[in-house]
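What follows is one structure encoded as structure tokens, with my remarks underneath.
Quick look at the structure:
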């Protein structure tokens, strides 16, 4: 018969089983810290509103006041020396008589990285009109290979051009400077390597020589790629309300070409504060001339048959491989 045995509770007679440990779950400290920073920043934004307009992009729109409220108060102030010098030069340039040429010419100024794919088409456009035009080529990357003798030897000293930077404006001024050396050049047309004429030479020549105005693309763009590129550092010489945008291509009188060459006040502002990598991604060649002429001359829209319409004498953005088709079409579309 089995006798039941009673085991005494003793440390020698029993193997103790460890109790399971209940570990306290670790708190995600980094999330807590991040949320704390965000909360403190938002509270600080409401208690102490941002003092720089660019800071507003990080906070709710209710924190930010309209852009005009960030500008210094418009009060009567003493103009700087540079503003005085600039106003005197511009005033006299706009009022003084220009030299009259007995054989006025149009200066066609080509801003291109290299060769001009539509030289043959331009040759057809220019042939028979020698003495009424001149050609200037700024090739920023490589020496052009010419397909027309009319373009041989027309290159000026050129420098590297970076898209969006003030070097594009410098190239334009370099072309203007060389073209202004010829006193007979009375009108100055800036063209790209993808530009073609839309009318006959006589039509364009008579159109330009028969007017005393310049043609510059300039309009108010209130969006982020227009006025949104304005930098507060341009104030007070350039106010936000005067900041304009437009394509860089133009056709201008000799008087206005000299005005561009003489300007340093506004050019310096764009050189310092209008760059693709600064603030609002500002593109100098899209804003400098439109803003300069908004600040210095009276502008009027193009009127055709009583309606506001663009005054286009040239077209652009054609692919080089379209040259043969364009040569076939040229006699018909220029005579229309």
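Residue numbers (my numbering): 726 to 1061. From the three backbone atoms N, C-alpha and C, an ideal C-beta is built for every residue, glycine too.
Local Cβ density within 10 Å of residue i, reported as buried at 16 or more and exposed below that
i, result
"residue 1064", "This structure gives no information on residue 1064, because the portion of the chain shown stretches from 726 to 1061."
"residue 758", "exposed"
"residue 918", "buried"
"residue 823", "exposed"
"residue 821", "exposed"
"residue 1040", "exposed"
"residue 933", "buried"
"residue 754", "exposed"
"residue 1044", "exposed"
"residue 1000", "buried"
"residue 764", "exposed"
"residue 1050", "exposed"
"residue 816", "exposed"
"residue 910", "buried"
"residue 886", "buried"
"residue 777", "Because residue 777 carries a pLDDT of 46, less than 50, the predicted location of this residue cannot be relied on, and the following value inherits that uncertainty. Exposed, since its Cβ has fewer than 16 Cβ neighbours within 10 Å."
Under 8 angstroms between C-beta atoms of residue i and residue j
i, j, result
"residue 1010", "residue 914", "no"
"residue 876", "residue 860", "yes"
"residue 1048", "residue 874", "no"
"residue 943", "residue 969", "yes"
"residue 1022", "residue 836", "no"
"residue 1062", "residue 883", "The question about residue 1062 has no answer here: the residues shown for the chain are numbered 726 through 1061."
"residue 881", "residue 903", "yes"
"residue 963", "residue 1020", "yes"
"residue 975", "residue 921", "no"
"residue 912", "residue 862", "no"
"residue 1015", "residue 951", "no"
"residue 897", "residue 973", "yes"
"residue 854", "residue 926", "yes"
"residue 937", "residue 978", "yes"
"residue 1017", "residue 988", "yes"
"residue 889", "residue 1008", "yes"
Integer-rounded CB distance, given that residue j should sit under 8 angstroms from residue i
i, j, result
"residue 1052", "residue 845", "6 angstroms"
"residue 828", "residue 856", "6 angstroms"
"residue 810", "residue 916", "Actually they are not in contact, since the Cβ atoms of residue 810 and residue 916 sit about 32 angstroms apart, beyond 8 angstroms."
"residue 990", "residue 807", "5 angstroms"
"residue 986", "residue 901", "6 angstroms"
"residue 1006", "residue 966", "Not confirmed; about 21 angstroms, so no contact."
"residue 891", "residue 996", "5 angstroms"
"residue 998", "residue 956", "4 angstroms"
DSSP three-state assignment for residue i, whether helix, strand or coil
i, result
"residue 1047", "helix"
"residue 1025", "coil"
"residue 834", "strand"
"residue 970", "strand"
"residue 1039", "strand"
"residue 861", "strand"
"residue 843", "coil"
"residue 881", "coil"
"residue 826", "coil"
"residue 788", "Confidence in residue 788 is poor, its pLDDT being 47 and thus under 50, which makes the residue's placement too unreliable to answer from."
"residue 919", "coil"
"residue 893", "helix"
"residue 852", "coil"
"residue 986", "helix"
"residue 1012", "helix"
"residue 924", "coil"
"residue 699", "Residue 699 is absent from the model: the chain starts at 726 and stops at 1061."
"residue 955", "coil"
"residue 960", "coil"
"residue 950", "coil"
"residue 813", "helix"
"residue 758", "helix"
"residue 887", "coil"
"residue 1001", "coil"
"residue 803", "coil"
"residue 868", "coil"
"residue 906", "coil"
"residue 934", "helix"
"residue 764", "helix"
Residues bridged to residue i (per DSSP)
i, result
"residue 978", "912"
"residue 873", "According to DSSP, which records beta bridges pairwise, residue 873 is partnered with nothing at all."
"residue 940", "976"
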